[in-house]
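>
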Amino acid sequence: MGRPALPFGVPEIDRRLADRGLATTAVHEVAGATCAIADDVAATLFVAGVAARAGDARANMLWAFGRRDLFAPGLAQAGLGPNRLIHAEAGRDPDILAVMEEGLRHGGLGAVIGEVGRAGMTATRRLQLAAEEGGTIALLLRRWRRGGADPLAEPSAAVTRWRIASLPSAPLPVEGIGRSRWRLDLVRQRGGEPFSCIMGGCDAEGHLALLAEPDGGSVAADDARRDAA
Numbered sequence: 318m319g320r321p322a323l324p325f326g327v328p329e330i331d332r333r334l335a336d337r338g339l340a341t342t343a344v345h346e347v348a349g350a351t352c353a354i355a356d357d358v359a360a361t362l363f364v365a366g367v368a369a370r371a372g373d374a375r376a377n378m379l380w381a382f383g384r385r386d387l388f389a390p391g392l393a394q395a396g397l398g399p400n401r402l403i404h405a406e407a408g409r410d411p412d413i414l415a416v417m418e419e420g421l422r423h424g425g426l427g428a429v430i431g432e433v434g435r436a437g438m439t440a441t442r443r444l445q446l447a448a449e450e451g452g453t454i455a456l457l458l459r460r461w462r463r464g465g466a467d468p469l470a471e472p473s474a475a476v477t478r479w480r481i482a483s484l485p486s487a488p489l490p491v492e493g494i495g496r497s498r499w500r501l502d503l504v505r506q507r508g509g510e511p512f513s514c515i516m517g518g519c520d521a522e523g524h525l526a527l528l529a530e531p532d533g534g535s536v537a538a539d540d541a542r543r544d545a546a
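In our numbering, the protein residues as written are 318 to 546.
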């Protein structure tokens, strides 16, 4: 049997993941596709949506960070309300990683999230061991650093590594702003192949959406056909 996993509930994603979802006793890394604010926001909301669906409905989430820029109403729109969120301002990357490790080993949280610029192989291995010991999913939000260094260029023990890009919102039949759209690039997964797809951003329960195209197809399905070509 495989590891316990948290499915996205979107077959076009889940069937292409080695664990048919995100392993819930593992580290997963997420970064914006670029240093642009829109991509950073998309990556943050992607993480919030995953965390919102992790654990049971009463489980608290630990979010460790070094700067106070979390926007609570935005997180709530992705399913992660303030009543479930424990904030930990830890300062430097090593301190954030230490807080994450302690939270993971505790075993009583639904998810542990940390925002860092640097986290090498040794640090992510420690997080992976802590996630396995505590039976808790670890979500590492990798921030772009000064100079434009790719945050996912470092070696890592993470089971999956994602880049999230913000795209123009989905069109509406009437005037207004449609649902946000993201390009998800799974750049690495243990035991599986990388892939890309375009999805609707997280809803109020943390779920992504498969967007229909005008011809009756879907963005993700069309993307899958391109991957197979």
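The beta-carbon is built from N, C-alpha and C at its ideal position, and this holds for glycine as well.
Nearest-angstrom Cα distance between L484 and R401?
Along the sequence shown, one-based indexing puts residue 484 at 167. Along the sequence shown, one-based indexing puts residue 401 at 84. The alpha-carbon atoms of L484 and R401 are separated by roughly 29 Å.
> Would a C-beta distance cut-off of 8 Å place V367 and L339 closer than the cut-off?
By 1-based counting over the sequence shown, the position of residue 367 is 50. By 1-based counting over the sequence shown, the position of residue 339 is 22. Cβ atoms of V367 and L339: closer than 8 Å.
> Under the criterion of a Cβ to heavy atom distance below 7 Å, does W380 qualify as lining the ligand ZN?
Annotation note on the ligand ZN: not contained in the displayed structure, which lists no ligands.
> Going by alpha carbons, who is nearest to G509 out of L528, C519, R478, A482?
Locating residue 509 in the sequence shown gives position 192, where the first residue counts as 1. Taking only the C-alpha atoms, the option nearest G509 is R478.
> What residue range does the alpha helix (DSSP H) around H423 cover?
The count along the sequence shown starts at 1 and reaches residue 423 at position 106. Per DSSP, H423 belongs to the alpha helix (DSSP H) from 410-423.
> Taking 8 Å as the threshold (C-beta atoms), are G523 and W499 in contact?
Residue 499 sits at position 182 when you count from the first residue of the sequence shown. Residue 523 sits at position 206 when you count from the first residue of the sequence shown. It is not a contact, given that the beta carbons lie outside the stated cut-off.
> Which runs of the beta strand (DSSP E), 3 residues or longer, sit entirely within the segment 430-513?
454-459, 477-484, 498-506
> Could you check if M417 is buried or exposed, using at least 16 other CB atoms within 10 Å of its CB as the buried criterion?
As a first step, residue 417 must be located in the sequence shown, where it is residue number 100. Its Cβ being crowded by 16 or more others within 10 Å, M417 is buried.
> Helix or strand or just coil, what does DSSP make of E522?
To locate residue 522, count along the sequence shown from 1; it is residue 205. Looking at E522 - three-state DSSP - the assignment turns out to be coil, as it is neither helix nor strand.
> Can you find the residues in the same chain that come closer than 8 Å, C-beta to C-beta, to A415, ignoring five residues on each side of it along the sequence?
Stepping through the sequence shown from its first residue, residue 415 is reached at position 98. So the qualifying residues of the chain are A407.
> I'd like to know if the segment 347-363 and the segment 386-406 are in contact, where contact means that at least 3 CB-CB pairs between them fall below 8 Å.
yes
> Taking the DSSP output, what are the residues bridged to F363?
Within the sequence shown, the letter at position 46 stands for residue 363. Its beta-bridge partners do not exist; DSSP assigns none.
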